[in-house]
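According to my numbering, numbering within the sequence shown proceeds without interruption in unit steps and concludes at 295.
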Amino acid sequence: MTAVTQTGRAHTTVLLAEAVEALVTQADGLYVDGTFGRGGHTRALLAALSPRARVLAFDRDPEAIAAAAAIDDPRFTICHASFGAMREELAARGVGQVQGVLLDLGVSSPQIDTPERGFSFRFDAPLDMRMDTTRGETAADFLARADERHIAQVIRDYGEERFALQIAKAVVARRQGGDQLRTTGELSALVARAVKTREPGQDPATRTFQALRIFVNAELEALEQGLSAALQLLAPGGRLVVISFHSLEDRIVKNFITRESRDEFDRRAPMAPPRALKLKALARVKPGDDEVRANPRARSAVMRVAERTEVPA
-17 MTAVTQTGRA HTTVLLAEAV EALVTQADGL YVDGTFGRGG HTRALLAALS PRARVLAFDR
43 DPEAIAAAAA IDDPRFTICH ASFGAMREEL AARGVGQVQG VLLDLGVSSP QIDTPERGFS
103 FRFDAPLDMR MDTTRGETAA DFLARADERH IAQVIRDYGE ERFALQIAKA VVARRQGGDQ
163 LRTTGELSAL VARAVKTREP GQDPATRTFQ ALRIFVNAEL EALEQGLSAA LQLLAPGGRL
223 VVISFHSLED RIVKNFITRE SRDEFDRRAP MAPPRALKLK ALARVKPGDD EVRANPRARS
283 AVMRVAERTE VPA
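See the structure below:
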């Protein structure tokens, strides 16, 4: 499904049919779309569900919340919040159990393609990178206050950038010279000077921009919180479907599902039965060749599917 954004740019939802097919096990159930974006998955869910069903969607981006106003369906509710807070948000609405949780992680095409959001080095724009522009610290704010060690740690840990220390040194040296980084173009040029080699076809700034975006938005912490909340909320037989686009996210999802779906014995009591499993791992799905050709941004996507067991949370 292709959704047209308020800026006129099209956003193509990745693994749309596969995600909805994996998620929906009960046509009149209650489902959570944790990452509304421009509503591709939500619209497909509503089309697949019965008149008695409900879809509660979450997004931190005010532009996504505004786009949700175009969905005129009494079965649909949008929440301006991180999916990491879904348990508390649903409890406030009297919801304690759902039939499915869908998370489509990372930054969306409209966010990347809107220069003023500061997510892309393809445009020279304010260095913002916040998904929720109504609160929090921008990437420029962070780089203006953090010390060399902290900047290097963020770029290394969240970007897997081997030149993290050199980039951090360059940021601090520029700042000490009285010239703070304020735009994406300035940061991209600084990284290009600090990074001596890079994989063919990859811009030197790719990993640094990824790292700052993940850090500014606390994306990995929100993912951990969202997975834990989903485990608490899912009804027996309910599905967890997560689409990720880089190794840091996918590793967290994979480890979570593995931990909750693997027999685990207590070494202190070797004769005791294994810990009861809360999840059953069902599938790992990659986009097909046709989808990747039509939407190159889909090439790195991985979808993992798990089902809630009868074991109490």
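Built from N, CA and C at the ideal position, the CB exists for glycine as well. It should be emphasised that the depicted structure is a prediction, and the values quoted were computed from it without experimental measurement.
Contact check, residue i vs residue j, beta carbons under 8 Å
| i | j | result |
| --- | --- | --- |
| residue 14 | residue 83 | yes |
| residue 75 | residue 215 | no |
| residue 283 | residue 227 | yes |
| residue 289 | residue 244 | no |
| residue 85 | residue 65 | yes |
| residue 24 | residue 58 | yes |
| residue 208 | residue 16 | yes |
| residue 27 | residue 9 | no |
| residue 21 | residue 53 | yes |
| residue 122 | residue 163 | yes |
| residue 152 | residue 175 | yes |
| residue 19 | residue 51 | no |
| residue 140 | residue 193 | yes |
For residue i, the three-state DSSP class (helix, strand or coil)
| i | result |
| --- | --- |
| residue 269 | coil |
| residue -16 | With a pLDDT of 36 at residue -16, under the threshold of 50, the modelled position of that residue is not reliable, and the figure given next carries that caveat. Correct three-state label for residue -16: strand. |
| residue 203 | helix |
| residue 228 | coil |
| residue 22 | helix |
| residue 219 | strand |
| residue 260 | coil |
| residue 275 | helix |
| residue 28 | helix |
| residue -11 | Legend: pLDDT at residue -11 = 38, less than 50; position of this residue unreliable, value from coordinates given subsequently. DSSP places residue -11 in coil when its eight states are reduced to three. |
| residue 12 | strand |
| residue 240 | helix |
| residue 295 | coil |
Nearest-angstrom beta carbon gap, residue j and residue i [assumed within contact, 8 Å]
| i | j | result |
| --- | --- | --- |
| residue 165 | residue 87 | The Cβ separation is near 27 Å, so there is no contact. |
| residue 200 | residue 79 | Actually they are not in contact, since the Cβ atoms of residue 200 and residue 79 sit about 27 Å apart, beyond 8 Å. |
| residue 287 | residue 280 | In fact, because the Cβ distance is near 17 Å, the residues do not count as touching under 8 Å. |
| residue 119 | residue 198 | 7 Å |
| residue 173 | residue 196 | Not really, about 16 Å apart at Cβ, beyond 8 Å. |
| residue 136 | residue 1 | That belief does not hold up - the Cβ atoms of residue 136 and residue 1 are roughly 31 Å apart, past 8 Å. |
| residue 143 | residue 189 | 4 Å |
| residue 260 | residue 242 | 5 Å |
Limits of the unbroken beta strand (DSSP E) element including residue i
| i | result |
| --- | --- |
| residue 286 | 284 to 290 |
| residue 172 | Careful: residue 172 lies outside any beta strand (DSSP E), inside the alpha helix (DSSP H) at 166 to 176. |
| residue 2 | No beta strand (DSSP E) contains residue 2, which is instead part of the alpha helix (DSSP H) from -2 to 5. |
Host alpha helix (DSSP H) of residue i (start-end)
| i | result |
| --- | --- |
| residue 189 | 188 to 198 |
Any non-hydrogen atom of the ligand MG closer than 7 Å to residue i Cβ
| i | result |
| --- | --- |
| residue 114 | Looking at this structure, you won't find the ligand MG or any other ligand, since it has none at all. |
- Message: To test your reading of the DSSP string, which unbroken alpha helix (DSSP H) runs of 4 or more residues are found completely within the region 74 to 152?
- Response: 91 to 95, 121 to 127, 130 to 141
- Task: Would you list, in sequence order, the uninterrupted beta strand (DSSP E) runs of no fewer than 3 residues that lie entirely inside the region 36 to 80?
- Result: 36 to 41, 58 to 62
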